[in-house]
Amino acid sequence: MSKDATTLLFRCLTASTVIWAATATARQPVPTDTWPLQQQHLLTGRYTGKLQPYTQDCQAVRADLVLLKTGKPSDNSRRYTLKTTCIAGAARHAAPKTMVGSWWVDQIGGSCLMLSFEDPNDPMIGPNIYGFRIEQDTVSDRHAHRTDYALAQDGHNCHSGNPPEDQDKVLRRVR
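Residue numbers (mature numbering (1 follows the signal peptide of the UniProt record, and there is no 0)): -21 to -1, 1 to 154.
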């Protein structure tokens, strides 16, 4: 390998390491003891972004997730609505899908927000279809930096080890 090629390779590796480090710094995992039942209402709201779907006929979906919590902060009733539109794959021209179900935070799994859903037409689907690592997301707007939360997809139960295909599958809170 020539000296110029070696130098170019070194620069590319250095640049990719810097980009990776910047991305990792922007989205830090939240400590596992952050989400006791009394704090989970802080996660409610609307999140949008891109997801890896649970079906085989689509490779990526645009997602709009609304997390609701009803009752008292100590109450256990949490519901969600997830609207997805296929943006890549065989089902790209299919109608958008809407799912509703319950959500919960698995403290043992390291603050993993889980969406539960069972499809009566397909018994192989469920009970958990999506798992998200809860991460801090520093958002810049015109006036200040504020810390919010992002939901980074990690399989259906946060045990997938953050595979490369899920790197860009993040839902960010919409304010």
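A virtual CB, placed ideally from N, CA and C, is assigned to each residue, including glycine.
Since the model is a prediction, treat every value here as computed from it, not as a measurement.
Closest by CA to Trp83, which one among Pro75, Pro15 and Val149?
Trp83 has its Cα closest to that of Pro15, out of Pro75, Pro15 and Val149.
Would you tell me roughly how many angstroms separate the C-alpha atoms of Val45 and Thr23, rounded to the nearest one?
Linking Val45 to Thr23 through their CA atoms gives a straight-line distance of about 7 Å.
What residues match up with Lys76 in a beta bridge as DSSP calls it?
Its beta-bridge partners are Thr63.
Thinking just about the alpha-carbon of each residue, which of Cys91, Asn100 and Ser95 is nearest to the one in Ala131?
Ranking Cys91, Asn100 and Ser95 by Cα distance to Ala131 puts Cys91 first.
Who pairs with Leu44 in a beta bridge, going by DSSP?
For Leu44, the beta-bridge partners assigned by DSSP are Tyr26 and Leu61.
Applying the criterion that 16 or more other CB atoms from any shown protein chain within 10 Å of the CB defines a buried residue, is Ala129 buried or exposed?
Taking all protein chains shown into account, Ala129 has 16 or more neighbouring C-beta atoms within 10 Å of its C-beta and is therefore buried.
Give every residue of the same chain whose Cβ lies closer than 7 Å to the Cβ of Pro75, excluding the five residues on either side of it in the sequence, and list them in chain order.
For Pro75, where only same-chain residues beyond five positions count, the Cβ hits under 7 Å are Lys62, Thr63 and Thr64.
So what does DSSP say about His138, is it helix, strand or coil?
His138 carries a coil assignment under DSSP once its states are collapsed to helix, strand and coil.
Determine, using beta carbons only, whether Asn100 and His135 come nearer to each other than 7 Å.
Not a contact, by the Cβ cut-off of 7 Å.
For the beta strand (DSSP E) containing Asn16, name the first residue and the last one.
With the sequence shown as reference, residue 16 is identified as Leu, and Asn is not the correct amino acid for it. For Leu16, no beta strand (DSSP E) run applies, since DSSP gives it neither H nor E.
Taking Tyr59 and Arg151 to be in contact with their CB atoms under 8 Å, please state how far apart those CB atoms are, rounded to whole angstroms.
Your pair Tyr59 and Arg151 does not check out as a contact, with CB atoms roughly 16 Å apart and the cut at 8 Å.
Just checking my contact of Cys137 with Gly110 at CB under 8 Å: how many whole Å lie between their CB atoms?
Indeed they touch by this definition, with Cβ atoms about 4 Å apart.
Residues bridged to Ala39 (per DSSP):
BP columns for Ala39 point to Ala67.
Tell me, which residues are paired with Asp98 by DSSP?
Beta-bridge partners assigned by DSSP to Asp98: Asp101.
Please tell me whether Gln35 and Asp145 are closer than 7 Å, where the distance is taken between their beta carbons.
No, they are not a contact pair.
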